[in-house]
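Colleague:
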Amino acid sequence: MDGAAQKFRSATADFSADQYTAVVQSHEMQKGTTAFRRNGNAVEMAVHIVSDNDQPSERQLLYKDGELDYYQASIKQETIFSAGANRQQYESFLTLGFGGSGRDLTASWNVTLQGMEAIDGVQTAKLDLVSKQDSVRNNFSHITVWIDPSRSISLKQVFYAPSGDTRTVTYSNIRYNTSVSSSVFTLHAAPGTVKVRK
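Here the sequence shown is numbered in this note's numbering, starting from 1 and rising by one per residue.
(1) Are the stretch 183-195 and the stretch 160-174 touching by the rule of at least three beta carbon pairs closer than 8 Å?
(2) Check whether the Cβ atoms of A42 and I174 lie closer than 8 Å to each other.
(3) Using the rule of at least 16 other Cβ atoms within 10 Å of the residue's Cβ for burial, across every protein chain shown, is I153 buried or exposed?
(4) With H, G and I counted as helix, E and B as strand and the rest as coil, what does DSSP make of Q270?
(5) Assign F36 to one of three DSSP states: helix, strand, or coil.
(6) Could you please give me the residues that DSSP links to K195 through a beta bridge?
(7) What is the DSSP secondary structure of V158, reduced to helix, strand or coil?
(8) Just verifying my parser: in three-state terms, what is the DSSP assignment at F140?
(9) Tell me whether the beta-carbon of F15 lies closer than 8 Å to the beta-carbon of G40.
(10) I'd like to check one pair, L62 with Y90: are the Cβ atoms closer than 8 Å?
(11) Only counting the same chain, and skipping five residues up and downstream in sequence, which positions put a Cβ closer than 7 Å to that of Q123?
(12) What is the residue span of the beta strand (DSSP E) that D69 lies within?
(13) May I ask which residues mark the beginning and end of the beta strand (DSSP E) holding A42?
(14) Check the DSSP bridge columns for A11 and list the partner residues they point to.
(15) Applying the 10 Å Cβ sphere with the 16-neighbour rule, what's the burial state of T34?
(16) According to DSSP, simplified to helix, strand and coil, what is L127?
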């Protein structure tokens, strides 16, 4: 995994996410695209959500330069979160399973190898992660990721909340180390969008 992480430059993929809320036993399904790239020592991530429960949706997430921007087209609002002193924690969480080395993982997570498992014909390492940060554990008691060690890319992730809620994300149509347009890593907000800083 460390060798693959050194070769990682970018990845793009389609994703589907199942957000399960335990108290009401309901599922919310999301679909979209995601992209990651290493720009020098910095990591950048973009997510474009195109549907919620098969209904059109327009939301974008962009992480770069130590800021996380969340754009909601329906209310014309861009919310900006600064990572500040928590930049390493943000990056270890947001880019989980995309280009990180084993050393990167163990810096922020207690890692348990749960064996090897095939996903879509790809042999993956199934890793269970428990954050070393109390603030992360308050939101996610643990996270399980299935990583293709030859590319240092996650094919599946399950986030477990203390409440019993889960978020299961699967990735498909993964393109590894291909050229990714800079426009992917730019927020495309409509004119008149209100910016809120938190």
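C-beta atoms are modelled at their ideal positions from N, C-alpha and C, and glycine is treated no differently.
Modeller: This is what the structure holds:
(1) no
(2) Taking the sequence shown and counting its residues from 1, one reaches residue 42 at position 42. Taking the sequence shown and counting its residues from 1, one reaches residue 174 at position 174. Not a contact, by the Cβ cut-off of 8 Å.
(3) Along the sequence shown, one-based indexing puts residue 153 at 153. Its Cβ being crowded by 16 or more others within 10 Å, I153 is buried.
(4) Any answer about residue 270 is impossible in this case: the structure gives the chain only from 1 up to 198.
(5) In the sequence shown, the residue the question calls residue 36 occupies position 36. Correct three-state label for F36: strand.
(6) As a first step, residue 195 is located in the sequence shown; it is residue number 195 there, counting from the start. Bridge partners of K195: E78.
(7) Taking the first residue of the sequence shown as position 1, residue 158 is located at position 158. Looking at V158 - three-state DSSP - the assignment turns out to be strand.
(8) Position 140 of the sequence shown, counted from the start, is the residue given in the question as residue 140. Reduced to three states, the DSSP call for F140 is coil.
(9) To locate residue 15, count along the sequence shown from 1; it is residue 15. To locate residue 40, count along the sequence shown from 1; it is residue 40. No. Outside cutoff.
(10) The residue given as residue 90 occupies position 90 in the sequence shown. The residue given as residue 62 occupies position 62 in the sequence shown. Their beta carbons are not under 8 Å apart, which means Y90 does not touch L62 by this criterion.
(11) Here the question's residue 123 lines up with position 123 in the sequence shown. Excluding residues within five positions, the ones whose Cβ falls inside 7 Å are M116.
(12) In the sequence shown, the residue the question calls residue 69 occupies position 69. First-last of the beta strand (DSSP E) with D69: 67-72.
(13) For this step, residue 42 is matched to residue 42 along the sequence shown. Note, A42: beta strand (DSSP E), 42-52.
(14) As a position in the sequence shown, residue 11 is number 11, starting the count at 1. Beta-bridge pairing links A11 to F36, Y176.
(15) Walking along the sequence shown from the start, residue 34 turns up at place 34. Per the 10 Å Cβ criterion, buried.
(16) One-based indexing of the sequence shown puts residue 127 at position 127. In this structure, L127 counts as strand in the three-state DSSP scheme.
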